[in-house]
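Trainee: If you're matching them up, the sequences are chains A and B in order.
Per my numbering, residue 6 is the first one in the first sequence, and the count goes up by one each step.
Per my numbering, residue 6 is the first one in the second sequence, and the count goes up by one each step.
Protein chains: 2
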Amino acid sequence: MIQNKETLLELLETRRYSTFIKAVDELNPVDAAEFLAELPEDKLPVVFRMLKKDTAAEIFAEFEPDVQEKLITAMTDKEIGGIVEELFVDDAVDMLEEMPASVVNTILKNAKPETRAEINRFLSYPEDSAGSVMTSEFIDLKKDMTTTQAIERIRKIGLDKETIYVAYVTDKSRVLEGVVPLKALLFAKPDDKIGDLMNRDVIFAYTHDDQETVANLISHYDILALPIVDKEKRLVGIVTVDDALDVLETEATEDMQKMAAVLPNEKPYLKTGVFATWRQRIPWLLLLMVSATFTSTIIQGYEQAITSIHLAILTAFIPMLMDTGGNAGGQTSVTVIRGLSLGEIQLKDYFRVVWKELRVAVLCGGTIAIATFLKVMTIDFRWALSYEGKSTLIISLVVAMTIFCAIIFAKLVGASLPILAKRLKLDPAVMASPFITTIVDTVTLIIYFTIASRFFQFP
Amino acid sequence: MIQNKETLLELLETRRYSTFIKAVDELNPVDAAEFLAELPEDKLPVVFRMLKKDTAAEIFAEFEPDVQEKLITAMTDKEIGGIVEELFVDDAVDMLEEMPASVVNTILKNAKPETRAEINRFLSYPEDSAGSVMTSEFIDLKKDMTTTQAIERIRKIGLDKETIYVAYVTDKSRVLEGVVPLKALLFAKPDDKIGDLMNRDVIFAYTHDDQETVANLISHYDILALPIVDKEKRLVGIVTVDDALDVLETEATEDMQKMAAVLPNEKPYLKTGVFATWRQRIPWLLLLMVSATFTSTIIQGYEQAITSIHLAILTAFIPMLMDTGGNAGGQTSVTVIRGLSLGEIQLKDYFRVVWKELRVAVLCGGTIAIATFLKVMTIDFRWALSYEGKSTLIISLVVAMTIFCAIIFAKLVGASLPILAKRLKLDPAVMASPFITTIVDTVTLIIYFTIASRFFQFP
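#1: Taking A:HIS225 as the query, report the chain B residues whose CB atoms sit under 9 angstroms from its CB, ordered along the chain.
#2: Whole angstroms is fine: what's the gap from B:LEU431's alpha carbon to A:LEU347's?
#3: So, is the C-beta of A:MET80 closer than 8 angstroms to a C-beta in chain B?
#4: Excluding the five sequence neighbours on either side, which residues of its own chain have a C-beta within less than 7 angstroms of the C-beta of B:TYR170, listed in chain order?
#5: Hey, A:ASN9 and B:ASP206: beta-carbon distance below 8 angstroms or not?
#6: May I have the straight-line CA-CA distance separating B:PRO464 from B:ILE314, to the nearest angstrom?
#7: If contacts are defined as beta-carbon pairs under 8 angstroms, then A:HIS213 and A:PRO131 qualify, I think. What distance do you get, rounded to the angstrom?
#8: Please identify, using Cβ separations under 9 angstroms, the residues of the region 341-364 of chain B that lie next to chain A, in order along the chain.
#9: What is the DSSP secondary structure of B:ASP328, counted as helix, strand or coil?
#10: For a contact meaning CB atoms closer than 7 angstroms, what does B:ALA257 contact in chain A?
#11: Closer than 9 angstroms, Cβ to any Cβ of chain B: which residues of the region 301-316 of chain A, in chain order?
#12: Chain A partners of B:SER391, CB-CB under 7 angstroms?
#13: Candidates B:GLU67, B:PHE93, B:GLU103, B:MET55: which alpha carbon is nearest B:PHE80's?
#14: Which of the residues in the region 69-93 of chain A, read from start to end, lie with their CB under 8 angstroms from any CB of chain B?
#15: Could you name the residues of the same chain whose beta carbon sits closer than 7 angstroms to that of A:ARG126, not counting the 5 residues immediately before and after it, in chain order?
#16: Along the chain, where does the beta strand (DSSP E) that runs through A:PRO186 open and close?
#17: If you follow the beta strand (DSSP E) that A:THR245 is in, where does it begin and where does it stop?
#18: Could you list which residues in chain A have their beta carbon closer than 9 angstroms to that of B:ILE375, in chain order?
#19: Chain B beta carbons: is any one of them nearer than 8 angstroms to that of A:PRO423?
#20: What distance in whole Å lies between the Cβ atoms of B:MET264 and B:ILE342, which are believed to be in contact at a cut-off of 8 angstroms?
#21: What number of angstroms, rounded off, separates the C-alpha of B:MET3 from the C-alpha of A:GLU182?
#22: Between B:ALA97, B:GLU69, B:ILE413, which lies nearest to B:ALA37 when the distance is taken from Cα to Cα?
#23: Which of the three DSSP states, helix, strand or coil, is assigned to A:ILE311?
#24: Can a CB atom of chain B be found closer than 8 angstroms to the CB of A:LEU275?
#25: Along the region 326-339 of chain A, what residues have a CB closer than 7 angstroms to any CB found in chain B?
#26: Within this structure, are the beta carbons of A:THR340 and B:VAL267 separated by less than 8 angstroms?
#27: Buried or exposed for B:ARG428, going by 16 or more other Cβ atoms inside 10 Å?
#28: Going by DSSP, what residues sit across from B:THR175 in a beta bridge?
#29: Alpha carbon to alpha carbon, how far is A:ALA61 from B:GLU142? Give it in angstroms, no decimals.
#30: Which residues of the region 163-186 of chain A have a Cβ closer than 8 angstroms to any Cβ of chain B? Give them in chain order.
#31: For A:PRO439, which residues in chain B fall below 9 angstroms Cβ to Cβ?
#32: For B:PRO269, collect the residues of the same chain with a Cβ closer than 7 angstroms to its Cβ; drop the 5 residues on either side in sequence, then sort them by chain order.
#33: Residues of the region 11-31 of chain B in Cβ contact with chain A at a cutoff of 8 angstroms, in chain order, please.
#34: Leaving out five residues on either side along the sequence, give the residues of the same chain with a beta carbon under 8 angstroms from the beta carbon of A:MET406.
#35: So, do the region 146-162 of chain B and the region 105-117 of chain B have three or more beta carbon pairs nearer to each other than 8 angstroms?
Take a look at the structure:
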């Protein structure tokens, strides 16, 4: 929380650089990055160069990709090399994933061969996999170390590690054997062996696991970091809880975007351009618009079968029926999608979910049908609509029966499609309201006109 | 991750209790709680009694409220007292918030007077405030301590603390002065003073701040714990990152539920009964159903003004127009709601958001209008619809113009209502798709028939 932005700017303007650098150094890196990013474009590289090397790397990791790119372009090869070596591997990989190819080449060219090899290995993991979000800066211990030796090792290698609060025990082929929190070391006797202190029941994930699985494990077990292993169970990295927070926020945002028929985008709203936003939104809008063709065809098909005096009044209820069906389906699909993504619902729960939704649908459908019947009979036919025919009772019944069936259908579809999508390894979130609305609309109209045409057909 | 559930059950059935208890003791408390909760109801209290006191408390904190209640009812007063003293205050408060009044009384009666006073103080914080999720088990240090003294103090009082990895420095009136991560202590010299090591730029929150604010701060600054202070800036508790994870997950779920017109509920989906689910869903369904009355009235109002041959064909496009308007509005409202809840959009950004949405709306509206015009002219009038009139061009134009206006309107409403809600201190998430769909439907129909009646009015 920056308290003294004006003071900082004044220091800079009056060229009291050493005081300024000291003040920036004391800021939280997140705040410092936010503050520096707002400086005029020509000032930023100058100021950034004056920072201490490790502070500079910490702040650099917090910049948005566009600022990082500007700085890289303004740096000498040597400076770039310095920054890349100081960054945590996962931060370096995050940055490279956002840069244009030419900048990526400049950066990799200036990294040390080992760093370059490691970055390339991380870049080769599939997007959104555990491998792509992990970092290789963790503390590893051996079983035969004593507490004192372990603490010494942490003191020696810990300064550059992403976390020193959890250490991992590996055998000589680097296979993960156990986990020791720093707390246990602090409360142990100096001669206690790591092999006795360590917890063998390690929660871990594989490099190819989805990042959401990793974040859910960290959240479920309330742990500070999750070790990531390769197929041979060799420890290759860790994902820390702060990364899990980011993953869960990003995944929740993406799910919401998909639920609202928007293509996902990781950039903050106000930083996304108008054209980019348009590209996120237009595909689903177009697809849903075109698929609504069915509804037009259905309405037209029945228009010729129903006498026009009844058709006119039946038409008036179409929006209400469609909206209610869509809302009922959306309620269920969003609930099921969220349950699937939190792991509360598994594929094997399919029948439990459908059976539950069927009962909820009967309750909701029954309530709404009765309410609709009463509303149509009283409010609509007395005040809202001017209808001269004598079929008020039948019309009210038809509308109520339709809404009952529509809700049952909507809730069953809303429960089934997300689970089916998951089964087919698609993203359940795509099966949310807008998609289901289109299906439910079509079926609701068919139900409506099928019931209505029993009563109001041409003789 | 339990590997050997069968072995554990066998140990229990063959009454090899001491081996069984040792095995449970080695499990992760989260797994142990899941395993024990599945035991037959009469077995659970017996087994639970045999556990070591601190293991028992750790596992107890992980149980669902219904299991906790069952256990409490089966325990003696002394046992209850033992458990309550071992629990972290925030876990005890979480539990009490879910228990019926009679159980709460039994528990408080059996707690020590100090514990009871503290629990009561925590219970008095507003629901979902920082005070209600914090815990008072933190490490506090003084400025004039040396590193060695500080580490000694952590060793002495740290065992029962929620985290020992961050310590807080307070003055003699308990006012928060600084923060020291354990890492800094580990790398400091034995005689370094805490006052020199500590970071004075502390990120903190007040007890009455919203829990979402707290979680967003922890996520924004990537910190392990956030200190919570009272109005006089005295340190009263901390919120740890694992609690922040829970808060962010719960808040995201609640937002999604509200966006889908479901009343929020913290219970997992499969643990919520059919009636409870019905109660979550029926209020909005009813409200939205009743508010759709407007659309019926509008359709009826115009039916009398438009010649019936044109009315029939115009009606066929109503579902498509309504769906597309609703989808366009939903895209914007969900994006804006999520931006508000992540803090990416502030109230002061209102005009920027509206200006951006206006431009996106013109782009989306334009694209969809052209696509609609072409689709209606070609697909619909050639194949899908059987229309004998000669006004195909005019009808296609009317539909395309309507969809253009509807999208502009939908996106402006979708951007404005969530920000307005936030302004009025309501929850923006309530202003999502279903609510906006109802408004957009009504206005879309008015636009449609206003344009149409210019062309197809009775002479």
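Virtual Cβ for every residue (Gly too), placed ideally from N, Cα, C.
Mentor: Put simply:
#1: Indexing the first sequence from 1 puts residue 225 of chain A at position 220. By Cβ distance, chain B contributes VAL35.
#2: As a first step, residue 431 of chain B is located in the second sequence; it is residue number 426 there, counting from the start. As a first step, residue 347 of chain A is located in the first sequence; it is residue number 342 there, counting from the start. As the crow flies, the alpha-carbon of B:LEU431 is around 27 angstroms from that of A:LEU347.
#3: The residue labelled residue 80 of chain A in the question sits at position 75 within the first sequence. With 8 angstroms as the cut-off, A:MET80 does not count as an interface residue toward chain B.
#4: For the purposes of this step, residue 170 of chain B is identified with residue 165 of the second sequence, where counting begins at 1. PRO186, LEU187, LEU229.
#5: Counted from its first residue, the first sequence places residue 9 of chain A at position 4. Counted from its first residue, the second sequence places residue 206 of chain B at position 201. Not a contact, by the Cβ cut-off of 8 angstroms.
#6: Sequence index remark: in the second sequence, residue 464 of chain B carries index 459 (1-based). Sequence index remark: in the second sequence, residue 314 of chain B carries index 309 (1-based). Low local confidence applies: a pLDDT of 46 at B:PRO464 is under 50, so the model's placement there is unreliable, with the coordinate-based value given in what follows. When rounded, the distance between both Cα atoms is 14 angstroms.
#7: In the first sequence, counting from the first residue as 1, residue 213 of chain A sits at position 208. In the first sequence, counting from the first residue as 1, residue 131 of chain A sits at position 126. That pair is a contact at about 7 angstroms.
#8: Going along the region 341-364 of chain B in chain order, one finds VAL341, ILE342, ARG343, GLY344, LEU347, GLU349, ILE350, ASP354, ARG357, VAL358, LYS361, GLU362, ARG364 with a Cβ nearer than 9 angstroms to chain A.
#9: Counted from its first residue, the second sequence places residue 328 of chain B at position 323. If DSSP states are grouped into helix, strand and coil, B:ASP328 belongs with the helices.
#10: The residue labelled residue 257 of chain B in the question sits at position 252 within the second sequence. Taking a Cβ-Cβ threshold of 7 angstroms, the residues of chain A close to B:ALA257 are ALA257, in chain order.
#11: Hits within the stretch, in order: SER301, THR302, ILE303, ILE304, GLN305, GLY306, GLU308, GLN309, SER313, LEU316.
#12: Here residue 391 of chain B corresponds to residue number 386 of the second sequence, with the count starting at 1. The contact set of B:SER391 on chain A, defined by CB atoms closer than 7 angstroms, consists of GLN305 in chain order.
#13: Taking the second sequence and counting its residues from 1, the one referred to as residue 80 of chain B is at position 75. One point to set straight first is that residue 80 of chain B is Met, not Phe, in the sequence displayed. Comparing Cα-Cα distances from B:MET80 to each of B:GLU67, B:PHE93, B:GLU103, B:MET55, the minimum goes to B:MET55.
#14: Residues passing the 8 angstroms Cβ filter: none.
#15: Translated into positions along the first sequence, residue 126 of chain A becomes position 121. Nothing listed; no residue qualifies.
#16: The residue you call residue 186 of chain A lines up with position 181 of the first sequence. First-last of the beta strand (DSSP E) with A:PRO186: 181-186.
#17: By 1-based counting over the first sequence, the position of residue 245 of chain A is 240. For A:THR245, the enclosing beta strand (DSSP E) has its first and last residue at 240-245.
#18: By 1-based counting over the second sequence, the position of residue 375 of chain B is 370. None at all; the shortest Cβ gap to chain A is about 10 angstroms.
#19: In the first sequence, counting from the first residue as 1, residue 423 of chain A sits at position 418. No Cβ of chain B is located within less than 8 angstroms of the beta carbon of A:PRO423.
#20: Residue 342 of chain B sits at position 337 when you count from the first residue of the second sequence. Residue 264 of chain B sits at position 259 when you count from the first residue of the second sequence. Contact flag correct, Cβ pair sits at about 7 angstroms.
#21: No information on residue 3 of chain B is available, as it lies outside the stretch 6 to 464 that chain B covers here.
#22: The sequence position of residue 37 of chain B within the second sequence is 32, counting from 1. Selected option, being the one with the closest Cα: B:GLU69.
#23: As a first step, residue 311 of chain A is located in the first sequence; it is residue number 306 there, counting from the start. DSSP, read as helix, strand or coil, puts A:ILE311 in strand.
#24: Numbered from its first residue, the first sequence carries residue 275 of chain A at position 270. For A:LEU275, at least one C-beta of chain B is nearer than 8 angstroms to its own C-beta.
#25: Residues MET327, ASP328, THR329, ASN332, ALA333, GLY335, GLN336, VAL339.
#26: Start at 1 with the first residue of the first sequence, and residue 340 of chain A comes out as number 335. Start at 1 with the first residue of the second sequence, and residue 267 of chain B comes out as number 262. Result yes, Cβ atoms of A:THR340 and B:VAL267 sit closer than 8 angstroms.
#27: As a working mapping, residue 428 of chain B is identified with position 423 in the second sequence. Looking at its Cβ environment, which holds fewer than 16 other Cβ atoms inside 10 Å, B:ARG428 is exposed.
#28: Translated into positions along the second sequence, residue 175 of chain B becomes position 170. In the DSSP output, where bridge partners are listed per residue, B:THR175 has B:LEU181.
#29: Working through the second sequence from its first residue, we reach residue 142 of chain B at position 137. Working through the first sequence from its first residue, we reach residue 61 of chain A at position 56. Spanning the two alpha carbons is a distance of roughly 35 angstroms.
#30: Going along the region 163-186 of chain A in chain order, one finds GLY163, LEU164, ILE169, TYR170 with a Cβ nearer than 8 angstroms to chain B.
#31: For the purposes of this step, residue 439 of chain A is taken as the residue at position 434 of the first sequence. Those are ASP328, GLY331, ASN332, GLY335, GLN336, SER438, listed as they occur along chain B.
#32: In the second sequence, counting from the first residue as 1, residue 269 of chain B sits at position 264. So the list reads GLU259, GLN262, LYS263, once near-sequence residues are dropped.
#33: Those would be GLU31, in chain order.
#34: Position 401 of the first sequence holds residue 406 of chain A. Counting only Cβ-Cβ distances below 8 angstroms, and skipping sequence neighbours, we find ALA374, ILE456.
#35: No, because fewer than three Cβ pairs between the region 146-162 of chain B and the region 105-117 of chain B fall closer than 8 angstroms, the two stretches do not touch.
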